[in-house]
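What follows is one structure encoded as structure tokens, with my remarks underneath.
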Amino acid sequence: MDKFLVKISKSKKNTKTNAEKNVGLSEENLHSIEKKRSKIDIVPNTKDINQIQNAVSSDVVTSKSDQTTNTLLESDNFIQDPGEKSTNALILFSSGFGPYQPNNIIFPQHSGRKFRPEWYSSFPWIEYSPSSNSAFCFYCRAFPSNTSDPTFVSVGFKQWSKASYKSFPQHEKSFGHKEASAKLAGYKSSKKSGSIISKVNTHHQQIVADNRAYLKCILDSLLYCARQGIAVRGHREDEDSSNKGNFLELLTLCANDNDIIQRYFIEKEKTFRYVSGDYTNTFLEYLANIVIKNIIDNVIAAGIFSIIVDETQDLSRHEQVAIIIRYATKDLSPAEVFLGFYETETTDGETLSMLIKSTFVSHGLKIENIRGQCYDGAASMRGSYKGVRARIREENHLAMYIHCNAHILNLCLIDLAKQVSYVRNVFGTLKDYETKKSFFLLYQNQIVREK
4 MDKFLVKISK
14 SKKNTKTNAE
24 KNVGLSEENL
34 HSIEKKRSKI
44 DIVPNTKDIN
54 QIQNAVSSDV
64 VTSKSDQTTN
74 TLLESDNFIQ
84 DPGEKSTNAL
94 ILFSSGFGPY
104 QPNNIIFPQH
114 SGRKFRPEWY
124 SSFPWIEYSP
134 SSNSAFCFYC
144 RAFPSNTSDP
154 TFVSVGFKQW
164 SKASYKSFPQ
174 HEKSFGHKEA
184 SAKLAGYKSS
194 KKSGSIISKV
204 NTHHQQIVAD
214 NRAYLKCILD
224 SLLYCARQGI
234 AVRGHREDED
244 SSNKGNFLEL
254 LTLCANDNDI
264 IQRYFIEKEK
274 TFRYVSGDYT
284 NTFLEYLANI
294 VIKNIIDNVI
304 AAGIFSIIVD
314 ETQDLSRHEQ
324 VAIIIRYATK
334 DLSPAEVFLG
344 FYETETTDGE
354 TLSMLIKSTF
364 VSHGLKIENI
374 RGQCYDGAAS
384 MRGSYKGVRA
394 RIREENHLAM
404 YIHCNAHILN
414 LCLIDLAKQV
424 SYVRNVFGTL
434 KDYETKKSFF
444 LLYQNQIVRE
454 K
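Residue 263 in our numbering sits at position 260 of the sequence shown, and the numbers go up by one each step.
In structure tokens form, the structure reads like this:
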């Protein structure tokens with residue numbers, strides 16, 4: 004390409020065509036020479052660039068120099084004459100204008116030759132400048148590059164004797180013109196159907212929407228299991244299992260009429276499904292936090308409240324403290340809400356009172372708003388000096404203590420059952436069985452951990 008450009012530049016400086024030497028010939032002879040030379044391969048051989056140029060030229064608006072067009076250009080402050088260099092060609096193209104191709108004007112001669120309007124149809128990218136009596140390339144002016152010929156971009160071409168058979172075809176085959184034509188075609192296509200960035204962005208938005216819809220289905224299924232109080236996981240959840248648990252079986256059922264679940268869960272369209280134990284535990288934790296936040300908001304709106312606290316051991320012999328809050332709603336009806344289980348290592352009054360206080364502080368509840376505290380009869384809870392009851396009243400003397408009525412009834416039934424030997428023996432046997440079962444489970448879990 005460099006050798007080719009050097010050859011052209013040398014030929015411009017050192018040689019002259021026969022048409023230039025024969026400037027004095029008659030107009031008819033010149034036209035006959037032009038017709039003979041126009042037959043010499045003036046159409047580019049590259050099919051791709053022809054398709055691009057046809058796509059561009061088919062939609063480019065050819066400007067006429069009539070009075071209506073001039074009025075429009077003046078009102079829009081557009082001067083299409085490329086010789087004026089007042090308006091960028093890309094701005095003109097973006098505004099709906101194409102190459103400036105006036106017809107109803109007098110074309111002045113230069114070196115005995117003049118511009119011919121027939122070139123508009125042969126080379127649709129040509130535009131003519133009446134002010135400088137020269138031709139420009141609209142495509143190269145709209146998208147200039149380092150390889151663009153400055154003659155057709157800024158200087159202006161006026162060697163009319165070499166136009167149709169040499170200069171125009173050579174420019175049309177040049178790399179700079181092909182690049183500008185491709186850019187113009189791509190720009191026109193992007194204005195019609197949207198740019199690649201917008202298409203990618205639209206596709207990304209659709210993927211995000213589908214992912215969120217699938218995640219919502221997962222959360223709805225987990226929320227259903229939580230509300231119904233049924234187990235989420237199954238004993239065996241592999242592909243060969245006949246019962247994979249409530250959660251997975253529910254998703255399989257919903258896939259029959261839900262396209263998102265069918266694609267993501269059944270057909271495994273994505274690499275993720277969000278159904279493993281870690282994900283479900285995380286989602287349940289998020290759902291629980293939302294429920295607790297709603298509970299705390301209602302309690303704070305009520306202003307004052309009472310607490311019900313009790314502790315018990317689970318199968319792993321860990322002490323679990325249950326905290327319940329009782330408050331009055333806006334219509335003054337009582338409401339009891341479960342705040343949660345909290346593990347503690349010891350059950351003395353100081354540890355339990357600190358657990359209650361830290362839990363309330365973490366949720367934004369104030370000890371000063373407690374008006375009642377209800378516990379069982381254990382010394383660590385109802386103790387008058389070192390129990391939870393006394394430690395709460397040190398900070399809030401309005402927190403009245405009430406012995407749990409359900410616990411009182413339970414104590415009465417236990418004392419009554421002890422008076423009947425048959426009943427006492429049955430409960431004693433059940434208690435021994437439960438104790439042995441707990442020890443056996445602990446031993447079994449320890450063996451599994453050691454393995």
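Ideal placement from N, C-alpha and C gives every residue a C-beta, glycine not left out.
Beta-carbon proximity of residue i to residue j, cut-off 8 Å
| i | j | result |
| --- | --- | --- |
| K117 | F110 | yes |
| S309 | Q376 | yes |
| I326 | E339 | no |
| E346 | H321 | yes |
| N136 | P120 | no |
| D484 | P133 | For the chain, the structure presents residues 4 to 454; residue 484 sits outside this window and is missing. |
| L342 | I293 | no |
| D213 | I263 | yes |
Whole-Å CB distance - residue i paired with residue j, under 8 Å assumed
| i | j | result |
| --- | --- | --- |
| A145 | L93 | 4 Å |
| Y142 | Q104 | So it is not a contact: roughly 13 Å between Cβ atoms. |
| R392 | Y404 | 5 Å |
| P102 | I129 | 6 Å |
| G390 | A402 | Incorrect: roughly 13 Å between the Cβ atoms, too far for contact. |
| F250 | T283 | 7 Å |
| L368 | V324 | L368 to V324, Cβ: 16 Å. No contact. |
| A234 | G248 | 7 Å |
| K161 | H113 | 5 Å |
| V302 | Y267 | V302 to Y267, Cβ: 38 Å. No contact. |
Cutoff 8 Å; reference residue i; Cβ partners in own chain excluding five residues on either side
| i | result |
| --- | --- |
| F443 | none |
| I11 | Here the model assigns I11 a pLDDT of 36, short of 50, so the residue's position is not dependable, and the following value carries that caveat. Closer than 8 Å at the Cβ level, and outside the excluded window around I11, lie Q173. |
| F286 | I221, L222, L225, Y277 |
| F430 | A420 |
| S441 | L318, R320 |
| L358 | V324, Y345, T347 |
| S89 | I82 |
| Q316 | E322, Q323 |
| H406 | C377, Y378, D379, G380, R385 |
Residue of the options minimising C-alpha distance to residue i
| i | options | result |
| --- | --- | --- |
| K252 | L433, V278, I293, V423 | The sequence as given places Glu at residue 252; Lys does not occur at that position. Among L433, V278, I293, V423, the Cα nearest to that of E252 is on V278. |
| F344 | D313, G280, P147 | D313 |
| G306 | I373, I108, W163, T205 | I373 |
| G280 | R236, D317, E288, R266 | R236 |
| G352 | G386, S245, S97 | G386 |
| G159 | D300, E87, A188 | E87 |
| S164 | Y388, W122, S196 | W122 |
| K333 | L358, A304, Q316, I311 | A304 |
| S193 | S361, S97, S244 | S97 |
| T362 | L95, I295, Y388 | I295 |
| L187 | L95, E437, D241 | L95 |
| E242 | Y190, I200, T255 | T255 |
| Y227 | Q208, L290, N204 | L290 |
| I210 | E272, G189, K195 | E272 |
| K360 | S124, N413, S245, R396 | R396 |
Contacts around residue i, its chain only, beta-carbon distance under 7 Å, and the 5 residues preceding and following it disregarded
| i | result |
| --- | --- |
| H174 | C140, D152, F155, H180 |
| H410 | D379, G380 |
| T350 | E314, E322, S383 |
| S177 | D152 |
| Y446 | none |
| P337 | R329, A331 |
Contacts around residue i, its chain only, beta-carbon distance under 6 Å, and the 5 residues preceding and following it disregarded
| i | result |
| --- | --- |
| E371 | N399 |
| Q265 | A258 |
| I311 | I327, C377 |
| V426 | A420 |
| K195 | none |
Residue i CB to nearest heavy atom of the ligand FMN below 7 Å
| i | result |
| --- | --- |
| S279 | Although the ligand FMN was asked about, the structure shown includes no ligands whatsoever. |
Would you check if there are 3 or more beta carbon pairs closer than 8 Å linking the stretch 210 to 223 to the stretch 178 to 190?
Flag = no, the stretch 210 to 223 and the stretch 178 to 190 do not touch.
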